[in-house]
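Letter 217 of the sequence shown, counting from 1, is numbered 217 in our numbering, and no numbers are missing. Where a beta carbon is used, it is the ideal one built from N, C-alpha and C, also for glycine.
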Amino acid sequence: MKFFIDTANLDQIREAQDLGVLDGVTTNPSLMAKEGITGRNNILKHYVDICEIVDGDVSAEVIATDFDGIVKEGEQLADLHEQIVVKVPMIKEGVKAIKYFTDKGIRTNCTLVFSAGQALLAAKAGATYVSPFIGRLDDISTDGLNLIAEIRLIYDNYGFETEILAASVRHTMHVLECAKIGADVMTGPLSSIEGLLKHPLTDIGLEKFLADYKKGN
Ligand code: E4P
């Protein structure tokens, strides 16, 4: 299972990278705005800065919603760095653009996916990644993890190579459940990764080992 961090915050990206388990980064326009990154040139530079910190894939989202605009923007993003994956929304023009990018060898992440039907379309268009937003489904009393299971079943039935990128992950249980279902990737905040570390018995056990060592030395 790949671990991506879902942020545009360079310090958090560095921290996750330093842990040694980071496989990539996802961003979106809201996460960029949260870090105060505005204006086309600053945003493009920020993507390059992120690519220089991590070794893996970095999703960069298009703003255009028409086919020509998505293609123009996506090609510009893909040219920025070899690690860039063009993030395209699950809309009709987006599906067409994903097919176009697939044919040109440009990797894509189909975002804002909330149903198995949308995920099937994304795979048919050849998306590299599909991003079902599990936390946002949970927010409206719909089981986000069930969507991951449905997509896993459909993709396995037909051998689709599109990777299931569980997005809108909010906490460690989302990560664990996605791992059990077989999501290929998860993207979440640093806390959802670091939370996996925690167990009180580890802390108690270590404290005792160190105390016992001191007694004998
Ligand atoms: C994924 O690519 C999205 O950027 C993200 O996971 C959305 O998460 P949120 O629902 O917590 O905003």
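- In this structure, N9 has its beta carbon at no less than 6 Å from each heavy atom of the ligand E4P.
- Just so you know, the alpha carbons of G188 and I5 end up roughly 5 Å apart.
- Excluding residues up to 5 positions away in sequence, V86, V88, I98, F101, A127 and T128 lie with their Cβ nearer than 6 Å to the Cβ of T108 in the same chain.
- Non-local C-beta neighbours of A149 in its own chain, meaning closer than 8 Å and more than five positions away in sequence, comprise I181, ordered along the chain.
- Taking the CA atoms as reference points, D49 sits about 45 Å from K214.
- DSSP places F160 in the coil class of the three-state scheme, outside both helix and strand.
- Within the same chain, and ignoring the five residues on either side of L77 in sequence, the residues whose Cβ sits closer than 6 Å to its Cβ are A60, I84 and V86.
- Remark: the shortest separation between the CB of A167 and any heavy atom of the ligand E4P falls under 6 Å.
- The C-alpha of V25 lies about 10 Å from the C-alpha of N9.
- L210 sits in a helix when the DSSP states are folded into three classes.
- Here the alpha carbon of F160 sits roughly 46 Å from the alpha carbon of I204.
- For S131, the CB falls within less than 6 Å of some heavy atom of the ligand E4P.
- Straight-line measurement puts the Cα of I154 at about 12 Å from the Cα of A183.
- Straight-line spacing of the CA atoms in D57 and L121 works out to 22 Å.
- Rounded to whole angstroms, the gap between the alpha carbons of S30 and F209 is 45 Å.
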